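J.:
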Amino acid sequence: MTAFAYRDGVLCAESLPLEEIAAAVGTPAYVYSSSDVETAYRDFAEALGGLPATICYAVKANGNQALIATLGRLGAGADVVSEGELRRALAAGIPAEKIVFAGVGKTAQELAFALDRNILQFNVESLPELELLNRIALEKGRQAPVALRINPNVDAGTHAHISTGRSDHKFGIDIDQAPAIFARARDLAGISLQGIAVHIGSQLLDLAPYRAAFARLVALYREFQAAGYPLRRLDLGGGLGIAYKGEQTPDLRAYAGVVREATAGLDADLIFEPGRLLVGNAGVLLTRVIYLKEGSSRRYAIVDAAMNDLIRPMLYEAWHEILPAREAAPGAAAAPVDIVGPICETTDTFARGRPLPPLAAGDLLTICSAGAYSAVMSSSYNARLPAPEVLVRGDRFAVVRPRLDHEALIAQDRMPDWLDGESPRQMARPGG
Ligand SMILES: *Cc1c(COP(=O)(O)O)cnc(C)c1O
300 MTAFAYRDGV LCAESLPLEE IAAAVGTPAY VYSSSDVETA YRDFAEALGG LPATICYAVK
360 ANGNQALIAT LGRLGAGADV VSEGELRRAL AAGIPAEKIV FAGVGKTAQE LAFALDRNIL
420 QFNVESLPEL ELLNRIALEK GRQAPVALRI NPNVDAGTHA HISTGRSDHK FGIDIDQAPA
480 IFARARDLAG ISLQGIAVHI GSQLLDLAPY RAAFARLVAL YREFQAAGYP LRRLDLGGGL
540 GIAYKGEQTP DLRAYAGVVR EATAGLDADL IFEPGRLLVG NAGVLLTRVI YLKEGSSRRY
600 AIVDAAMNDL IRPMLYEAWH EILPAREAAP GAAAAPVDIV GPICETTDTF ARGRPLPPLA
660 AGDLLTICSA GAYSAVMSSS YNARLPAPEV LVRGDRFAVV RPRLDHEALI AQDRMPDWLD
720 GESPRQMARP GG
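Letter by letter, the sequence shown follows residues 300 to 731 of our numbering.
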């Protein structure tokens, strides 16, 4: 997290004190650093230097259009998993010919929409999906560009909830079934089979699973090319891990080395789908302490962010660094405290027994590494307003998603006609 650092005892995003942003937009709020996103992209692109690579940002990590556009300006394409993400990527200026559509459950509507937009590639994950896409393409007098996503049966060695590459996971086409499905694809006039794809999981900290998966994928690619299939693209997925707690993360050059080794002499364009790597450490969640509570056995800091804003700790048992926005006085003793949100669920806990300097109500805290799989997973549980998102560039910031107000949130519901006019809310509405 290079852009989030203390300056004169004050935690800043680039050159802006986080206190200033919190004062302007309120808390909880997400803050992202443009320079961190750009640096992450450039580091990855540089490591891949010389390879015939397109980097398709996995939009599901953070779908804010300002971030997609920041990456798009550097040359990134997009990897999307729904029509909504596809629309976002297009709206943010990503050209359709750099967009890959992945996901196990694409609907007919989504396939048709993507086909009409002329995207680069559909990563197809099952035979029924292939048949459906073929029918839709034929109806439109078109051919759909397809890569088959292969499940290589490799254990990614990551958290069970974000591991996707074993044959008992729902993703991809089992590598043993690939020959039959390839043969079927060749017979489908609406399908242009162009490549194969793999994605074995997320937050990988070890290169060995990549090495194993890529070897299997490349062997398959060579086999099918030799059999006369006109393959030209190999999609190697995403999944590179980041440091949440000082973990040793894969060296990007070493990762690129694994790719070079696996694909040496191969006639294929490469696609990469990093998500977390590009944005995970480029964002934080700001929150203020509401109350300090001394229990008989534990101390609690109850903060104004909650699991509806950041569900990773409860969903993946994830650990997030928590830093006070004002640096503790030198020598201030740290004491263990539970950082918890206001929601009526015991799992609404960001940290247990975390050693932190003395806190007071009103203090601003920074939950780090909240750029990926955080705002995109937020909800309005407990009728809480989803937190706004802020993008910093140097000494400037912009609110790139404002906080909804309560009226807007409440107005999303509709009364059925048998209650309309009868409900206290309707009757209380000024002017009827
Ligand atoms: C989630 C996902 C990614 C991105 O994963 P990260 O771990 O964020 O890099 C890439 N490709 C596919 C198919 C995915 O489902």
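We put the beta carbon where it would ideally sit given N, CA and C, even for glycine.
Only a predicted model underlies this, so the values are computations on that prediction, with no experimental measurement involved.
When you measure from the CB of S501 to every non-hydrogen atom of ligand 1, does any distance come out below 7 Å?
T.: Yes, the Cβ of S501 comes within 7 Å of a heavy atom of ligand 1.
J.: Taking the alpha helix (DSSP H) that I499 falls in, what are its first and last residues?
T.: That residue, I499, is in no alpha helix (DSSP H); it is neither H nor E in DSSP.
J.: Looking at the unbroken beta strand (DSSP E) that takes in T648, where does it start and where does it end?
T.: T648 -> beta strand (DSSP E) spans T648 to L655.
J.: Could you name the residues of the same chain whose beta carbon sits closer than 6 Å to that of A346, not counting the 5 residues immediately before and after it, in chain order?
T.: L551, R552 and A555.
J.: Just to confirm the assignment, what range does the alpha helix (DSSP H) spanning Y305 have?
T.: Unbroken run through Y305 is the beta strand (DSSP E), F303 to R306; no alpha helix (DSSP H).
J.: In the DSSP assignment, find the alpha helix (DSSP H) that holds L530 and state where it starts and stops.
T.: L530 -> no alpha helix (DSSP H), and no H or E assigned at all.
J.: Helix, strand or coil for F343 per DSSP?
T.: Of the three classes helix, strand and coil, the one that applies to F343 here is helix, per DSSP.
J.: Which residue comes first and which comes last in the alpha helix (DSSP H) that contains E384?
T.: That run of the alpha helix (DSSP H) goes E382 to A390.
J.: Just to check, is the beta-carbon of L622 closer than 7 Å to a non-hydrogen atom of ligand 2?
T.: Absence of ligand 2 from the depicted structure is noted, with ligand 1 being the only ligands included.
J.: Alpha carbon to alpha carbon, what distance is there between A395 and L389?
T.: Taking the straight line from one Cα to the other gives about 7 Å.
J.: What separation, rounded to the nearest whole angstrom, lies between the Cα atoms of A710 and W717?
T.: For A710 and W717, the distance between alpha carbons rounds to 18 Å.
J.: Does the region 686–694 come close enough to the region 617–635 that 3 or more CB-CB pairs lie under 8 Å?
T.: With the cut-off at 8 Å, the region 617–635 and the region 686–694 do not touch.
J.: CB D608 to CB L584, shorter than 8 Å?
T.: Going by C-beta atoms, D608 is nearer than 8 Å to L584.
J.: Using a Cβ-Cβ cut-off of 7 Å (strictly less than) and excluding sequence neighbours within five positions of E428, which residues of its own chain qualify?
T.: Same-chain partners within the cutoff: K405.
J.: Between N433 and V557, what straight-line distance do the alpha-carbon atoms span, to the nearest angstrom?
T.: So the alpha carbons of these two residues sit roughly 35 Å apart.
J.: For the region 586–597 and the region 562–577, state whether three or more C-beta atom pairs, one from each stretch, are separated by less than 8 Å.
T.: Not touching, per the Cβ criterion.
J.: Hey, A542 and G670: beta-carbon distance below 8 Å or not?
T.: No; because the gap between Cβ atoms is not below 8 Å, this pair is not in contact.
J.: Just the Cα atoms here: how many angstroms apart are N361 and A512?
T.: Roughly 26 Å between the two C-alpha positions.
J.: Which term fits V408, buried or exposed, when burial requires 16 or more other beta carbons within 10 angstroms of its beta carbon?
T.: Position check: residue 408 holds Gln in this sequence, whereas Val was assumed. The residue in question, Q408, is exposed, as its Cβ has fewer than 16 Cβ neighbours within 10 Å.
J.: Using 8 Å as the threshold, is the C-beta distance between R611 and D637 below it?
T.: Taking 8 Å as the Cβ cut-off, R611 and D637 do not qualify as a contacting pair.
J.: Tell whether a beta-carbon distance below 8 Å holds between M606 and G652.
T.: Result no, Cβ atoms of M606 and G652 do not sit closer than 8 Å.
J.: For the structure I just gave you, are there three or more beta carbon pairs, one from the region 350–369 and one from the region 325–342, closer than 8 Å?
T.: Touching, per the Cβ criterion.
J.: So the beta strand (DSSP E) P635 belongs to, where does it begin and stop?
T.: Taken as a continuous stretch (DSSP letters only), the beta strand (DSSP E) holding P635 covers A634 to V639.
J.: Which residues bound the beta strand (DSSP E) around A459?
T.: Run containing A459: none; DSSP gives neither H nor E here.
J.: To the nearest angstrom, how far is the alpha carbon of V403 from that of I449?
T.: Between V403 and I449, the C-alpha separation is close to 12 Å.
J.: Go ahead and pull the three-state DSSP assignment for L315.
T.: Reduced to three states, the DSSP call for L315 is strand.
J.: Answer yes or no: do E384 and V358 have a C-beta to C-beta separation smaller than 8 Å?
T.: Taking 8 Å as the Cβ cut-off, E384 and V358 qualify as a contacting pair.
J.: Would G731 be called buried (16 or more neighbouring beta carbons within 10 Å of its own) or exposed?
T.: Per-residue confidence for G731 stands at a pLDDT of 40, beneath the threshold of 50, marking its modelled position as unreliable; the derived number appears in the next sentence. Classification of G731: exposed, given that the 10 Å Cβ count is below 16.
J.: Report the CB separation of P715 from L703 in whole angstroms; it is logged as a contact under 8 Å.
T.: So it is not a contact: roughly 23 Å between Cβ atoms.
J.: Drop a sphere of 10 angstroms on the beta-carbon of D534, count the other beta-carbons inside from all chains shown, and report buried for 16 or more, exposed for fewer.
T.: Looking at its Cβ environment, which holds 16 or more other Cβ atoms inside 10 Å, D534 is buried.
J.: So, are the CB atoms of V399 and N422 less than 8 Å apart?
T.: Result yes, Cβ atoms of V399 and N422 sit closer than 8 Å.
J.: Between the alpha carbons of G733 and L708, how many angstroms are there, rounded?
T.: Residue numbering for the chain in the displayed model covers 300 to 731; residue 733 lies beyond these limits and cannot be assessed.
J.: V403: beta carbon under 7 Å from a heavy atom of ligand 1?
T.: No, since every heavy atom of ligand 1 falls outside the 7 Å radius drawn around the Cβ of V403.
J.: Runs of 4 residues minimum, wholly inside the region 646–714: which ones carry the alpha helix (DSSP H) assignment?
T.: Complete alpha helix (DSSP H) runs here, min 4: 705–709.
J.: When the Cα of T648 is compared with those of F303, P657, D603 and Y329, which residue comes out closest?
T.: Of the candidates F303, P657, D603 and Y329, the one whose C-alpha sits nearest the C-alpha of T648 is D603.
J.: Within 10 angstroms of the Cβ of P444, are there 16 or more other Cβ atoms? Answer buried if so, exposed if not.
T.: By the 10 Å Cβ count, P444 comes out buried.
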